[in-house]
Each structure stands twice: as structure tokens, then as C-alpha cells.
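First comes the structure, then the notes that go with it.
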Amino acid sequence: EAQDRQKKYADQHRTDRSFEVGTKVFLRVRPHKSPIRYGKGSKLAPRFVGPFEILERLGPLAYRLALPPSLSRVHDVFHVSVLRRYVSDPSHVLDWTALQVQDQGQVMVEPVRILDRRTLGLRGREIDQVRVQWD
């Protein structure tokens, strides 16, 4: 009886995920346990990387991904729980022809307008934060 009740509550939050071959997915990265490292594994490290294309479904829960050469040391088969569906959004795509690059490799962009502004309190100090729309 208690086991059935626990199963009912667990099933409310459980989702069955499945992906088709050829679709794109994000790959979850755990900064402290993953072989994919970004910096020092801080809390600001990305939680998901990608998108990567699914090459093959190896079973009900395993998928083979097309990883770039920079991730050649990482095994290319992943469990469905570490994958998230990629929803194509035009705002994710950068127009590389409009970017101007300095000699040091930094991108030069111009601010267009201020979208939002707020002040946060941190350890007795006030810090102004501004959300900017860039050119």
C-alpha cells in the first residue's frame, strides 16, 4: 500500500522521453563529474552543451550522438536522461558576417538599447545590473 502510494507520486513527475534519429538534442554536463570540462567546474559552467544530432537509437534508453572532433575522447553513446530536446530558435543563430573581430580575437558589438535595470544588494553593497540589447 505504501509502495503503491510512493509509485503514484513518483510517476506524476516521470516523463517518457524518446527521440527520432536525425533530431538535435542538448547534452547535460555535470561540471564536477563529467569528462567535458569548461573552466574549473564552477556554478557558472553551462549545464547543457550542444546541440548534437542523433545518429542512432541503440535501445529504448540509449542514443549515439554526432560529437565534434573536440569531444573525440568522450564516448558517443548516452542515456536518455542526460539528453534534452533542442527547439530551433532563430535567436540562437548568430550572423557571423555582421561580426567585427579585433586583432586580439575579441568581438566588437555596439549596444542598441537598455532592456531592463535592477539593483541588487550583496554583502551590504548595492550592485546595479543592466540588461542590454546588443547590435
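UniProt numbering numbers the first residue of the sequence shown as 1 and each following residue consecutively.
The beta carbon of each residue, even a glycine, is placed where N, CA and C say it ideally should be.
It should be emphasised that the depicted structure is a prediction, and the values quoted were computed from it without experimental measurement.
Just to confirm my understanding: we take PHE19, look at its own chain, exclude 5 residues before and 5 after, and list those with CB closer than 8 Å. What are they?
For the purposes of this step, residue 19 is taken as residue 19 along the sequence shown, with counting starting at 1. Correct list, in chain order: VAL25, ILE54, ARG57, TYR63, VAL80, LEU83 and ARG85.
Between the C-alpha atoms of ARG28 and PRO60, what's the straight-line distance to the nearest angstrom?
In the sequence shown, residue 28 corresponds to position 28, counting from 1. In the sequence shown, residue 60 corresponds to position 60, counting from 1. The alpha-carbon atoms of ARG28 and PRO60 are separated by roughly 19 Å.
Express the C-alpha separation of GLY124 and VAL130 in angstroms, rounding to a whole number.
Working through the sequence shown from its first residue, we reach residue 130 at position 130. Working through the sequence shown from its first residue, we reach residue 124 at position 124. Each residue's alpha carbon lies about 20 Å from the other.
Between the Cα of THR23 and the Cα atoms of PRO51, PRO69 and THR119, which residue gives the shortest distance?
To locate residue 23, count along the sequence shown from 1; it is residue 23. With distances taken between Cα atoms, THR23 lies closest to PRO51.
Closest to VAL112 by CA distance: which of GLY121, VAL132 and ASP128 is it?
Stepping through the sequence shown from its first residue, residue 112 is reached at position 112. For the residues GLY121, VAL132 and ASP128, the minimum Cα distance to VAL112 belongs to VAL132.
For LEU71, name the three-state secondary structure that DSSP assigns.
For this step, residue 71 is matched to residue 71 along the sequence shown. Helix at LEU71.
Check the C-beta distance from HIS119 over to GLU126 and give it rounded, since I have them as a contact under 8 Å.
Against the sequence shown, residue 119 aligns to sequence position 119. Against the sequence shown, residue 126 aligns to sequence position 126. As written in the sequence, residue 119 is Thr, which differs from the His given in the question. 5 Å between Cβ atoms; contact.
Out of VAL49, ASP11 and ALA2, state which residue places its alpha-carbon closest to the alpha-carbon of LEU71.
For the purposes of this step, residue 71 is identified with residue 71 of the sequence shown, where counting begins at 1. The shortest C-alpha separation from LEU71 is found at VAL49.
CA-CA distance, SER88 and LYS8?
Counting from 1 along the sequence shown, the entry for residue 88 is found at position 88. Counting from 1 along the sequence shown, the entry for residue 8 is found at position 8. Roughly 34 Å between the two C-alpha positions.
What does the alpha-carbon distance come out to for the pair ALA66 and ARG47?
By one-based count along the sequence shown, residue 66 stands at place 66. By one-based count along the sequence shown, residue 47 stands at place 47. Looking at the two C-alpha atoms, the distance is approximately 19 Å.
Taking only the alpha-carbon atoms, compute the straight-line gap between PRO68 and ASP4 and give it to the nearest angstrom.
What you label residue 68 is simply residue 68 of the sequence shown in a count that begins at 1. What you label residue 4 is simply residue 4 of the sequence shown in a count that begins at 1. Computed Cα separation, rounded: 45 Å.
Mind checking which residues open and close the beta strand (DSSP E) that includes ARG84?
The sequence position of residue 84 within the sequence shown is 84, counting from 1. Taken as a continuous stretch (DSSP letters only), the beta strand (DSSP E) holding ARG84 covers 83-85.
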